[in-house]
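Enquirer: Quick note: the sequence shown uses this note's numbering, first residue 17, plus one each step. Where is the CB? At the ideal position from N, CA and C, for every residue including glycine. If you scroll down you'll find the structure; I have some questions about it.
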Amino acid sequence: VQLQASGGGLVQAGGSLRLSCTASRSISSINTMAWHRQAPGKQREFVAGFTVGGSTNYADSVEGRFTISRDNAKNTVYLQMNNLKPEDTAVYYCYILIGKYGSWGQGTQVTVSS
């Protein structure tokens with residue numbers, strides 16, 4: 017499966033962005049989908065995701081500010097990011113797990129200025 021991420025950009029602290037990740041196939045049967053991010057000089061880290069059963073979980077650093085959602089009809093997963101902080105600056109990647117195979121999107125840059 018191929019994943020196309022979009023929606024990144026430059027925003028001031030306190031602003032909002034919505035990221036989109038569109039898959040090349042139906043996602044209606046896919047349980048595990050997530051967003052990760054990688055800041056310069058740091059390891060890639062989990063941000064938000066869906067798990068088996070449809071529940072969502074978030075990194076502590078984004079809890080209450082970010083919301084992950086999905087539109088199965090559009091094969092798209094979203095990440096709504098509110099009250100952005102400079103420490104949210106990173107390349108954001110979407111991830112899908114199908115069976116035992118994971119696929120990553122190409123990444124979209126989010127830059128938050130102070």
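Please go through the segment 53-107 and give each complete beta strand (DSSP E) segment of 3 or more residues, from N-terminal end onward.
Expert: For the segment 53-107, whole beta strand (DSSP E) runs of length 3 or above, ordered along the chain, are 61-66, 72-74, 82-87, 92-97.
Enquirer: By the three-class DSSP mapping on this structure, what secondary structure does arginine 34 have?
Expert: In the structure shown, arginine 34 sits in a strand (DSSP, three-state: E or B).
Enquirer: From Ser71, Gly118, Phe66, Lys101, pick the residue whose C-alpha is nearest to that of arginine 81; which is it?
Expert: Checked all of Ser71, Gly118, Phe66, Lys101; the closest Cα to arginine 81 is Lys101.
Enquirer: Quick one: grab the DSSP three-state call for valine 17.
Expert: Looking at valine 17 - three-state DSSP - the assignment turns out to be coil, as it is neither helix nor strand.
Enquirer: When you compare the CB of threonine 92 with every CB in chain B, is at least one pair closer than 8 angstroms?
Expert: Here chain B cannot be found, since the structure has a single protein chain.
Enquirer: Which same chain residues end up closer than 6 angstroms to glycine 24 when comparing Cβ atoms and leaving out the 5 residues on each side of it in sequence?
Expert: Taken in chain order, the residues that qualify are Thr124, Gln125, Val126.
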